[in-house]
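Each remark here refers to the structure printed beneath this line.
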Amino acid sequence: MASANPQRFLRFAADNYPLLKDILDAGSLGWAQLTALIERRRRATDPELETIRENLLALGFLERQPDGDMLEMPQPVERFFRYIHREHHLTSAGQIQNYVDEIARIDRELIESLEVDAHQRLSMLAEELVERIELIRHDIGGNKEAITDAVIHFQANREEAPLRDLYTRVIWLWERYLAPVQDLIDTEQVMEQQLNSLDGSLVQAERGLTVERPDLAAMLRDARLRLYRMRRQVVNDFREAMLELQPLYRRALRESRTARAASRILDHVRREGVSGLNLERHIGVLVMRHEGLFSDLAAKAYLYNIADYHPDADVELDDAVDGDDSAAVARVDLPAMLEQLQQERPADTMAWLSGQVAEQGGGVRDLLMAYGRIVRRMETTAHAEQTEYRFGGYFLSARPRTLTDKRKADD
Amino acid sequence: MTSTETSRFALPYLAEIFAELARGRHLCNEDGNLYQELQEHEADFEQLFQQLGYRLMTDERGFYYFHALEGQNVSPQTRRLAVFFLVLVEALWSEAGGAEPLEDMILDRSWSIGELPHLGRQRYVEIMGQLEKEPDEEMLREEVKRLVRFGFAAWSSDERFRFRVPALRFLDIAREVAAGLEAEEGEAGEEAETP
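As you go down the protein sequences, you meet chains A and B in turn.
Residue numbering for the first sequence is 153 to 563, as defined by my numbering.
Residue numbering for the second sequence is 192 to 386, as defined by my numbering.
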């Protein structure tokens, strides 16, 4: 493979980028399709079609599939291009678990090497460790990006594919790539314990080597910092991927469950009839009666009483009407109270009045009469919201009123 | 101003609202004042109806209905409505392939009796045949009338009807009942495995 010359590889890639993108999108392709793609992208100054086709194979952009008839991009090259395009591949939790298992093995070997002062081995282990840590970091990061891409694709391309198919993929992404990662990062789980153990081993090794082999200590420190970064990023990536996918996943699950539930019930009805399902009890619509509006006569009478009540009727003040307020005068000094009100001008007339009437030994009738007098005869402004007032054993509600400057004309 | 001791249950449209709910109707915002007043005085209505022996249910999707209490008789007709509705759901899901969310598919379109899938597939005919009557267009029209009466649907023109938001209850019920069936089957399976 001519890709041993990286400059030539990269130069060809730069010159033929649109063609390579087409090949990437095509997946596997036959010779005729490849020829068509090259012809479409070839410019007047480009080499002959045959030369480009040979270079694609020689530089390792394409290889033959096992059956020999079809071509495809080798996986490392495909990954490279997808990485450049931010088209990330998905890594299963099983693959990530393999990396973690390898880390656990390296951890054990690290301790053994430390005990026998095998410094050369320690150095190689540190390199191996860094590689595994970075693999995990990139793969889980790739999963997050792939899930984000998928979510964007779902949301932007709804009309292109049936929702049912998209939902199937959402559920697959969730259950295969996201839920297992949750187990990996769960503090109760094995991965967490293995990474904690590695952290402890690295700290111990670093301390032991600081004086004697500062270069090795620095390598181990680098591995430890990469471990911290990886752990931090795995949690963040997982959380972000969750946030992206969770709403779609929930919806997908709900929709497909609902459709399945409908079919399941219909199957049951078809085979065994409808009566055993007790659907009517779930729906809970009461039997309709022409006159049975209430469950018993007492309740019926109660409702009639309510129906007879007229909430908007004027408050009756018995004989304590305007011009004949002797009953009230006997208890409260109404003119003096109104005079005082004019002077004090409280923000809430009713609240003020309640206090005054109570202080002078008046009852609720006195209060209502005084308030009625004020509302009818004095210029007030009412607030928008109703307020509740308590007076003795009564609860009264009214919009708070404040006195304005001028009296009404008839005062 | 009024004394609150007695005015709590002087609720607007009380008689109309009670009459509608008591005959099994589901009230949603399409019902104008009745729904608005229920929403405005929800707690008072709920308490009053509770005193009278009725359970007012409030659904967060925006509708109200009475749900039978233990021991109260329920309308057996409604089981037919559920089956009618679920046939439509299954047909929509399998035919439209979930082109849009299920709830939107149900609420956003209308049907004429002739467009309904219930008589178009043998499987659906068999299912509808379990509902005590031989399925035909007249039977479907009767079911739609009942759906309208209970507030699950509305006629949008002479020959077309559409579902109202309360019809989504049937989806909840389907999930609930199917979960029950699964649980029963699970238990039966376990018993069968026990030597």
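No residue lacks a Cβ here, since even glycine has one placed at the ideal position from N, Cα and C.
These numbers come from a predicted model, not from an experiment.
Can you give me, in chain order, the residues of the region 413–438 of chain A that have a beta carbon less than 7 Å from any beta carbon in chain B?
So the list reads A413, A414, S415, R416, I417, L418, H420, V421, R422, G425, V426, L429, L431, E432, R433, H434, I435, G436, V437 and L438, given in the order they occur along the chain.
Could you tell me which uninterrupted beta strand (DSSP E) segments, each at least 3 residues in length, are contained entirely in the region 248–307 of chain B, listed from first to last along the chain?
Those beta strand (DSSP E) runs which fall completely within the region 248–307 of chain B and span 3+ residues are 254–258 and 301–303.
Which of the three DSSP states is assigned to M530 of chain A in this structure?
Residue 530 of chain A sits at position 378 when you count from the first residue of the first sequence. DSSP places M530 of chain A in strand when its eight states are reduced to three.
Against chain B, does E407 of chain A count as a neighbour if the rule is that its beta carbon must be under 8 Å from one of theirs?
Within the first sequence, residue 407 of chain A is the residue found at index 255, counting from 1. So, interface residue.
L223 of chain A bridges to which residues according to DSSP?
Working through the first sequence from its first residue, we reach residue 223 of chain A at position 71. Note: L223 of chain A sits in a beta bridge opposite A:L181 and A:R216.
Going by DSSP, what residue range makes up the beta strand (DSSP E) through T539 of chain A?
Your numbering for residue 539 of chain A matches position 387 in the first sequence. Per DSSP, T539 of chain A belongs to the beta strand (DSSP E) from T539 to F543.
Between the region 285–299 of chain A and the region 235–247 of chain A, do at least 3 Cβ pairs fall closer than 8 Å?
These segments touch.
Check whether the Cβ atoms of T410 of chain A and L362 of chain B lie closer than 8 Å to each other.
Sequence index remark: in the first sequence, residue 410 of chain A carries index 258 (1-based). Sequence index remark: in the second sequence, residue 362 of chain B carries index 171 (1-based). Yes, the Cβ-Cβ distance between T410 of chain A and L362 of chain B is below 8 Å.
By Cβ distance, which residues of its chain are closer than 7 Å to S301 of chain B, with the 5 residues on each side in sequence left out?
The residue given as residue 301 of chain B occupies position 110 in the second sequence. The residues are S347, R351, F352 and R353.
Is L322 of chain B close to chain A? Criterion is C-beta to C-beta, closer than 8 Å.
The count along the second sequence starts at 1 and reaches residue 322 of chain B at position 131. It does: the Cβ of L322 of chain B has a partner Cβ on chain A nearer than 8 Å.
What three-state label does DSSP hand L229 of chain B in the structure shown?
If you number the second sequence from 1, residue 229 of chain B lands on position 38. The answer is helix: DSSP assigns L229 of chain B an H, G or I state.
Pick from A:E279, A:M371 and A:D259: whose alpha carbon is nearest that of N348 of chain A?
Residue mapping note: residue 348 of chain A aligns to position 196 of the first sequence, counting from 1. Nearest option by C-alpha distance: A:D259.
Determine the chain A residues that contact L310 of chain B at a beta-carbon separation under 9 Å, and present them in chain order.
Residue numbering aside, residue 310 of chain B sits at position 119 when the second sequence is read from its first letter. In chain order: nothing, as chain A lies at least about 15 Å away.
I need the straight-line Cα distance from M319 of chain B to E407 of chain A, nearest angstrom please.
For the purposes of this step, residue 319 of chain B is identified with residue 128 of the second sequence, where counting begins at 1. For the purposes of this step, residue 407 of chain A is identified with residue 255 of the first sequence, where counting begins at 1. M319 of chain B and E407 of chain A: Cα-Cα distance of roughly 24 Å.
Quick check: the Cα distance between H232 of chain B and L225 of chain B, rounded to an integer number of angstroms?
Translated into positions along the second sequence, residue 232 of chain B becomes position 41. Translated into positions along the second sequence, residue 225 of chain B becomes position 34. If you take the alpha carbons of H232 of chain B and L225 of chain B, they lie about 11 Å apart.
Would the region 264–277 of chain A and the region 210–223 of chain A be scored as touching if the rule is three or more Cβ pairs under 8 Å?
Flag = no, the region 264–277 of chain A and the region 210–223 of chain A do not touch.
Just reading off the beta strand (DSSP E) that A345 of chain B is part of, what are its end residues?
Within the second sequence, residue 345 of chain B is the residue found at index 154, counting from 1. Residues A344 to S348.
Would you mind stating whether F254 of chain B and L247 of chain B have Cβ atoms separated by less than 8 Å?
Numbered from its first residue, the second sequence carries residue 254 of chain B at position 63. Numbered from its first residue, the second sequence carries residue 247 of chain B at position 56. Against a cut-off of 8 Å, the Cβ pair of L247 of chain B and F254 of chain B comes out as no contact.
What would DSSP say about Y203 of chain A, mapped onto helix, strand or coil?
Locating residue 203 of chain A in the first sequence gives position 51, counting from the first residue. Residue identity check: residue 203 of chain A is Thr in the sequence provided, not Tyr. In this structure, T203 of chain A counts as helix in the three-state DSSP scheme.
Using 8 Å as the Cβ pair cut-off and three pairs as the minimum, do the region 389–402 of chain A and the region 259–275 of chain B touch?
The region 389–402 of chain A vs the region 259–275 of chain B: no contact.
What do you get for K296 of chain A, buried or exposed, if any count of 16 or more other CB atoms within 10 angstroms of its CB means buried?
Within the first sequence, residue 296 of chain A is the residue found at index 144, counting from 1. Burial call: buried.
Just list the alpha helix (DSSP H) runs in the region 303–381 of chain A, keeping only unbroken ones of 4 residues or longer that don't cross its boundaries, in chain order.
Segments of the alpha helix (DSSP H) lying fully in the region 303–381 of chain A: 315–325, 331–337 and 342–361.
List, in order along the chain, the chain A residues whose C-beta lies closer than 7 Å to that of L372 of chain B?
As a working mapping, residue 372 of chain B is identified with position 181 in the second sequence. Under the 7 Å cutoff, chain A gives R416 and H420.
So, at 7 Å on beta carbons, what are the nonlocal neighbours of A465 of chain A in its own chain, with the 5 sequence-adjacent residues on each side left out?
Locating residue 465 of chain A in the first sequence gives position 313, where the first residue counts as 1. Confidence at A465 of chain A is low in this model, with a pLDDT of 48, below 50, so its placement is unreliable and no value can be given for it.
Of all Cβ atoms in chain B, is any one closer than 8 Å to the Cβ of T554 of chain A?
Counting from one through the first sequence, the residue named residue 554 of chain A turns up at place 402. Chain B, which has no Cβ nearer than 8 Å to the Cβ of T554 of chain A, makes this no.
Please tell me whether E534 of chain A and R517 of chain A are closer than 8 Å, where the distance is taken between their beta carbons.
For the purposes of this step, residue 534 of chain A is taken as residue 382 along the first sequence, with counting starting at 1. For the purposes of this step, residue 517 of chain A is taken as residue 365 along the first sequence, with counting starting at 1. It should be noted that the sequence gives Ala, not Glu, for residue 534 of chain A. Result no, Cβ atoms of A534 of chain A and R517 of chain A do not sit closer than 8 Å.
Any idea if W284 of chain B is buried or exposed, counting beta-carbon neighbours within 10 angstroms, 16 or more meaning buried?
The residue labelled residue 284 of chain B in the question sits at position 93 within the second sequence. With 16 or more Cβ atoms within 10 Å of its Cβ, W284 of chain B is classed as buried.
Decide if W324 of chain A is buried, meaning its Cβ has at least 16 other Cβ atoms within 10 Å, or exposed.
One-based indexing of the first sequence puts residue 324 of chain A at position 172. It is exposed - the Cβ of W324 of chain A has fewer than 16 other Cβ atoms within 10 Å.
Rounded to whole angstroms, how far is the Cβ of L372 of chain A from the Cβ of L354 of chain A, which I believe are closer than 8 Å?
By one-based count along the first sequence, residue 372 of chain A stands at place 220. By one-based count along the first sequence, residue 354 of chain A stands at place 202. Rounded, the Cβ-Cβ distance is 5 Å, consistent with contact.
In this structure, how does DSSP classify T243 of chain A when only helix, strand and coil are distinguished?
Looking up residue 243 of chain A in the first sequence gives position 91. Three-state DSSP puts T243 of chain A in coil, outside helix and strand.
Thinking just about the alpha-carbon of each residue, which of A:L186, A:Q217, A:A414 and A:P218 is nearest to the one in T203 of chain A?
Sequence index remark: in the first sequence, residue 203 of chain A carries index 51 (1-based). Comparing Cα-Cα distances from T203 of chain A to each of A:L186, A:Q217, A:A414 and A:P218, the minimum goes to A:L186.
Taking any Cβ of chain A, which residues in the region 234–267 of chain B have a Cβ under 9 Å from it, in chain order?
So the list reads L239, Q242, L243, G244, Y245, R246, M248, Y256, F257, H258, A259, L260, Q263, N264, V265, S266 and P267, given in the order they occur along the chain.
Look up R351 of chain B in the DSSP assignment and say whether it is helix, strand or coil.
Walking along the second sequence from the start, residue 351 of chain B turns up at place 160. R351 of chain B falls in the strand class under three-state DSSP.
Determine, using beta carbons only, whether L181 of chain A and I190 of chain A come nearer to each other than 8 Å.
Taking the first sequence and counting its residues from 1, the one referred to as residue 181 of chain A is at position 29. Taking the first sequence and counting its residues from 1, the one referred to as residue 190 of chain A is at position 38. No.
Please classify A482 of chain A: does DSSP put it in a helix, a strand, or coil?
Here residue 482 of chain A is taken as the residue at index 330 of the first sequence, counted from 1. Since pLDDT at A482 of chain A reaches only 46, below the 50 mark, its modelled position is unreliable, and no value is offered.
Would A522 of chain A pass as an interface residue toward chain B - the criterion being a Cβ-Cβ separation below 8 Å?
The count along the first sequence starts at 1 and reaches residue 522 of chain A at position 370. Cβ-Cβ to chain B under 8 Å: no for A522 of chain A.
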